[in-house]
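Data block below; observations after.
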Amino acid sequence: MRWTSFAAIATALSNPALAQGTPVPSGDTPPPAATEVAPTATTPARQVYTPADFARYAPVNAYDMLIQVPGFQIRDSEELRGLGQATGNVLFNGKRPSNKADDMYTQLSRIPGGNVERIEIVDGATLDIPGLSGQVANIVYRADGISGQFSWKPQFRPHYTDPLFTRADVSVRGRSGEIEYEASLNNDDSARSGAGGPTLIYDGAGNIIERRKDIWHTHFDTPKLSGRITWDPAGDTVANLGGHYQRKYDRYYEDGVRTGPGLPDRIRTVREKADSWNYEIGGDYQFGLGPGKLKLIGLRRFSHEPYSQEIVTTPDGGIATGDRFMQTGDLGETIGRGEYQWKMFGGDWQLSGEAAFNTLDNVASLAVLGPSGDFVDIPFEGGTGGVSEDRYEGLLSFGRKLTDKLNFQIIAGAEHSTITQTGVNGLTRSFFRPKGSISLAWAPSADFDISVKLRRRVLQLSFYDFLARAFLNDGNQNASNNDLRPQQDWTYEGEINKKLGPWGSTKLIFIYRDVEDRVDVIPIGETGEAVGNIAKAKAGAIDWTSTINLDPAGLKGVRLNTRLLLQKSSLRDPFTGEKRQWSGFTDTVVELGLRHDIPASDWAWGGDLEYSHYQPNYRRNQTDKVWEGPIWASLFVENKDVFGLTVRAQISNMVNARSKRDRIVYTGVRGGSPVSFIEQRDRLIGPIFVFSVRGTF
Numbered sequence: 001m002r003w004t005s006f007a008a009i010a011t012a013l014s015n016p017a018l019a020q021g022t023p024v025p026s027g028d029t030p031p032p033a034a035t036e037v038a039p040t041a042t043t044p045a046r047q048v049y050t051p052a053d054f055a056r057y058a059p060v061n062a063y064d065m066l067i068q069v070p071g072f073q074i075r076d077s078e079e080l081r082g083l084g085q086a087t088g089n090v091l092f093n094g095k096r097p098s099n100k101a102d103d104m105y106t107q108l109s110r111i112p113g114g115n116v117e118r119i120e121i122v123d124g125a126t127l128d129i130p131g132l133s134g135q136v137a138n139i140v141y142r143a144d145g146i147s148g149q150f151s152w153k154p155q156f157r158p159h160y161t162d163p164l165f166t167r168a169d170v171s172v173r174g175r176s177g178e179i180e181y182e183a184s185l186n187n188d189d190s191a192r193s194g195a196g197g198p199t200l201i202y203d204g205a206g207n208i209i210e211r212r213k214d215i216w217h218t219h220f221d222t223p224k225l226s227g228r229i230t231w232d233p234a235g236d237t238v239a240n241l242g243g244h245y246q247r248k249y250d251r252y253y254e255d256g257v258r259t260g261p262g263l264p265d266r267i268r269t270v271r272e273k274a275d276s277w278n279y280e281i282g283g284d285y286q287f288g289l290g291p292g293k294l295k296l297i298g299l300r301r302f303s304h305e306p307y308s309q310e311i312v313t314t315p316d317g318g319i320a321t322g323d324r325f326m327q328t329g330d331l332g333e334t335i336g337r338g339e340y341q342w343k344m345f346g347g348d349w350q351l352s353g354e355a356a357f358n359t360l361d362n363v364a365s366l367a368v369l370g371p372s373g374d375f376v377d378i379p380f381e382g383g384t385g386g387v388s389e390d391r392y393e394g395l396l397s398f399g400r401k402l403t404d405k406l407n408f409q410i411i412a413g414a415e416h417s418t419i420t421q422t423g424v425n426g427l428t429r430s431f432f433r434p435k436g437s438i439s440l441a442w443a444p445s446a447d448f449d450i451s452v453k454l455r456r457r458v459l460q461l462s463f464y465d466f467l468a469r470a471f472l473n474d475g476n477q478n479a480s481n482n483d484l485r486p487q488q489d490w491t492y493e494g495e496i497n498k499k500l501g502p503w504g505s506t507k508l509i510f511i512y513r514d515v516e517d518r519v520d521v522i523p524i525g526e527t528g529e530a531v532g533n534i535a536k537a538k539a540g541a542i543d544w545t546s547t548i549n550l551d552p553a554g555l556k557g558v559r560l561n562t563r564l565l566l567q568k569s570s571l572r573d574p575f576t577g578e579k580r581q582w583s584g585f586t587d588t589v590v591e592l593g594l595r596h597d598i599p600a601s602d603w604a605w606g607g608d609l610e611y612s613h614y615q616p617n618y619r620r621n622q623t624d625k626v627w628e629g630p631i632w633a634s635l636f637v638e639n640k641d642v643f644g645l646t647v648r649a650q651i652s653n654m655v656n657a658r659s660k661r662d663r664i665v666y667t668g669v670r671g672g673s674p675v676s677f678i679e680q681r682d683r684l685i686g687p688i689f690v691f692s693v694r695g696t697f
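Per the numbering used here, the sequence shown starts with residue 1, numbered consecutively.
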């Protein structure tokens with residue numbers, strides 16, 4: 001009933017605009033329909049969408065178009081080591097992005113819709129870019145003049161938080177002769193979050209021993225100034241130079257009252273500050289050389305990351321006590337990479353080499369609040385030190401058609417790395433690891449395709465995990481661990497795509513990982529713990545997504561998006577020896593989205609439902625599950641032509657998703673010791689009101 005009423009209101013509101021003689025309403029245009037392009041001797045089969053295919057949604061930029069491609073789901077590049085082979089599923093003018101700081105949303109949203117010529121959907125294994133498999137989107141675009149776009153997305157919550165006015169972005173793109181340029185200022189990641197409510201603490205017998213009422217909120221802004229210049233003369237030569245500078249303003253405030261039998265009432269405050277800055281500069285230069293093309297890539301990143309956390313507890317009529325943890329980390333990464341591509345034996349070859357140098361210099365301290373009201377430093381072993389890694393990688397790839405419907409790609413190589421730690425128990429270690437993949441793509445018909453892939457991955461470590469860290473809010477601490485190693489795995493992937501004609505499309509993805517050196521919390525000494533490695537682990541997933549257009553059923557303009565993600569993991573707990581799932585692992589996600597572009601109008605409305613389920617985190621003496629939910633629901637109404645702007649109003653958290661915590665702390669090793677206390681949190685988040693205005697200039 002609520003959905004129907006919302007549609008009726010939007011339809012009624014659209015009538016005055018129609019009476020005034022506006023252009024053909026966007027709601028009367030058909031849903032996106034691809035043009036099938038058959039393979040040739042030099043190009044693979046592909047589906048092609050033009051900007052006209054997305055007129056129903058009045059897109060402002062390339063991101064607005066790509067998210068409406070039936071069955072396509074944007075996948076960001078994985079956080080692997082260095083630049084490496086391509087892992088995302090979006091290309092830009094046939095090239096993979098050569099930066100690391102921007103996600104796909106950011107890069108796509110900088111391309112004005114008027115610059116997009118077409119979007120091609122193709123199987124990655126049929127391309128000459130090693131590492132790709134499954135559906136890949138190639139955004140073909142060109143800026144002929146100067147154009148820009150902007151958005152502003154304020155947010156309001158009735159409980160605990162300040163209003164958010166700073167979420168916005170603006171970008172400009174243009175061309176002058178052979179030079180294309182872009183500049184942007186982006187603060188889309190800004191947030192004002194918060195929650196408040198009770199927490200109950202029980203003893204091992206189930207008796208309430210403490211009641212807490214806490215309220216927290218955050219101020220988070222990340223303004224980023226970015227720019228890029230591309231030189232694209234005739235021929236094979238292309239050069240790019242780009243970079244960004246970003247400030248992060250990150251504050252956390254928590255105020256609470258704690259009461260309990262036999263204890264004075266206490267006021268407790270938590271203050272965290274993580275203001276930081278970072279930059280990235282990188283470029284690439286591609287030119288013809290001999291029978292092929294050589295591409296040279298260089299990148300430099302640096303981040304200055306101070307952090308402090310102070311917790312002060314003041315009993316009624318007593319003296320305040322407290323703790324403070326502080327650290328300042330300087331993270332740097334320098335990458336040089338070369339790729340040479342050529343054709344031979346009926347296929348595409350690439351020889352690549354990469355050198356990457358990563359560093360962390362960190363200074364950390366721990367202090368207690370003295371009777372005078374000042375913090376006094378105390379010894380904190382293992383928190384200060386440095387970590388560096390010098391890594392060299394070489395890979396050779398080959399891909400070609402086996403038949404008109406079957407393609408394969410193989411990559412083989414290895415990396416050598418040296419990890420050096422300074423500070424307490426400094427250590428230098430060297431590793432040699434094979435890497436590579438093999439993939440097959442089969443497309444027996446224009447509406448059905450299957451791809452499979454086997455690859456060997458080596459993941460990137462967080463250098464902070466080598467060093468000691470205190471988590472004052474939970475009373476936990478990680479020791480330093482100089483033996484930490486990167487996680488490696490054999491990953492088996494499969495993807496099945498089926499087009500359903502005018503009804504839409506559906507996709508199934510299967511993933512299985514056989515993991516070595518899984519990174520988790522492990523025992524250190526008799527009573528300590530640290531981030532370390534678990535020798536063997538495994539995980540599997542089924543991810544089913546569908547886009548269903550209901551126009552053929554007579555419901556013009558109605559589209560459903562669905563997703564079902566089921567995941568299972570396993571490892572042997574390093575503390576108890578029992579098998580369990582991975583810490584903090586998401587095992588279930590269910591998503592349902594509805595959008596109705598109302599015929600004879602520029603109005604649209606819709607909503608989303610999402611359910612997620614998570615595994616707890618595990619430490620030596622506790623299990624801890626922090627989550628929000630169980631169900632998130634939202635409803636929106638949108639007008640796609642308010643004086644040329646797209647305006648949307650949205651209500652999120654309509655079914656009262658809560659901020660919850662279930663924590664069990666033991667007196668000793670988890671599972672083999674009595675329960676010390678149980679913590680159960682249930683905090684109100686409340687509804688979230690979001691307004692957005694987007695346009696071009």
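Don't be surprised by glycine CBs; every beta carbon is placed ideally from N, CA and C.
query                                                                                                                                                                                               : result
From which residue to which residue does the beta strand (DSSP E) around residue 286 run?                                                                                                           : 276-289
Can you pull the DSSP bridge partners for residue 637?                                                                                                                                              : 605 and 649
Using the DSSP secondary-structure output, state which residues sit across from residue 98 in a beta bridge.                                                                                        : According to DSSP, residue 98 bridges with nothing at all.
With a threshold of 7 Å (Cβ to nearest heavy atom), would residue 412 be considered close to the ligand PLP?                                                                                        : Ligands displayed in this structure: none; no statement on the ligand PLP is therefore possible.
Just the C-alpha distance for residue 637 and residue 604, rounded to the nearest angstrom, thanks.                                                                                                 : 6 Å
Counting only runs that start and end within the segment 96-182, where is the alpha helix (DSSP H) found for 4 or more residues in a row?                                                           : 104-109
Just verifying my parser: in three-state terms, what is the DSSP assignment at residue 66?                                                                                                          : helix
If we require 3 or more residues per run, which beta strand (DSSP E) segments fall completely within the segment 309-364?                                                                           : 321-344
Ordered along the chain, which non-local residues of its own chain (more than five positions away) have a Cβ less than 7 Å from that of residue 146?                                                : 172 and 174
Which runs of the beta strand (DSSP E) fall wholly inside the segment 461-511 and span at least 3 residues, in chain order?                                                                         : 469-471, 476-478 and 488-499
Helix, strand or coil for residue 444? Go by DSSP, reduced to three states.                                                                                                                         : strand
Based on Cα-Cα distance, which residue from 169, 400, 691 and 241 lies nearest to residue 179?                                                                                                      : 241
How would you call residue 93, buried or exposed, if buried means at least 16 neighbouring beta carbons within 10 angstroms?                                                                        : exposed
With distance defined between alpha-carbon atoms, name the residue in 34, 357, 644 and 310 nearest to residue 268.                                                                                  : 310
Bridge partners for residue 685 per DSSP, in chain order?                                                                                                                                           : Residue 685 pairs with nothing; no bridge assigned.
Under the rule that 16 or more other beta-carbon atoms within 10 Å means buried, what is residue 54, buried or exposed?                                                                             : buried
Thinking just about the alpha-carbon of each residue, which of 349, 463, 321 and 559 is nearest to the one in residue 357?                                                                          : 463
If residue 592 and residue 565 are in contact, beta carbons under 8 Å, what's the gap, nearest whole angstrom?                                                                                      : About 13 Å; that fails the 8 Å criterion.
In terms of residue numbering, what span does the beta strand (DSSP E) encompassing residue 232 cover?                                                                                              : Premise fails: residue 232 is in no beta strand (DSSP E) and is neither H nor E.
Please name the residue or residues paired with residue 680 in a DSSP beta bridge.                                                                                                                  : 200 and 662
Return the first residue and the last residue of the beta strand (DSSP E) that residue 537 is part of.                                                                                              : 528-549
Between 693, 350, 332 and 331, which lies nearest to residue 339 when the distance is taken from Cα to Cα?                                                                                          : 350
Is residue 258 closer than 8 Å to residue 324 when the C-beta atoms are compared?                                                                                                                   : no
Can you give me the start and stop residues for the beta strand (DSSP E) that residue 269 sits inside?                                                                                              : 263-273
Looking at the secondary structure, which residues open and close the beta strand (DSSP E) in which residue 248 lies?                                                                               : 238-260
Counting only the same chain and skipping the five closest in sequence on each side, list residues whose C-beta sits under 7 Å from that of residue 683.                                            : 195, 196, 197, 658 and 659
Quick check: the Cα distance between residue 76 and residue 200, rounded to an integer number of angstroms?                                                                                         : 40 Å
Taking the alpha carbon of residue 445 as the reference point, which residue from 47, 43, 28 and 30 has its own alpha carbon closest?                                                               : 47
Can you tell me the Cα-Cα spacing of residue 22 and residue 139, whole angstroms?                                                                                                                   : Any reading at residue 22 must be qualified, since the residue scores a pLDDT of 44, below 50, and its modelled position is unreliable; the value itself is stated next. Rounded to the nearest angstrom, the two C-alpha atoms are 31 Å apart.
Three-state secondary structure (DSSP) at residue 553?                                                                                                                                              : helix
What does the alpha-carbon distance come out to for the pair residue 189 and residue 246?                                                                                                           : 12 Å
If we count Cβ pairs, one from each stretch, closer than 8 Å, do we get three or more for the segment 421-428 versus the segment 385-400?                                                           : yes
Cα separation between residue 302 and residue 224?                                                                                                                                                  : 14 Å
Can you tell which of 694, 692, 182 and 677 has the C-alpha that lies nearest to the C-alpha of residue 207?                                                                                        : 677
Starting from the C-beta of residue 558, find all residues in its chain whose C-beta is less than 6 Å away, skip the five residues before and the five after it, and write them out in chain order. : 550 and 596
Suppose you measure from the CA of residue 222 to the CA of residue 169; what does that come to, to the nearest Å?                                                                                  : 11 Å
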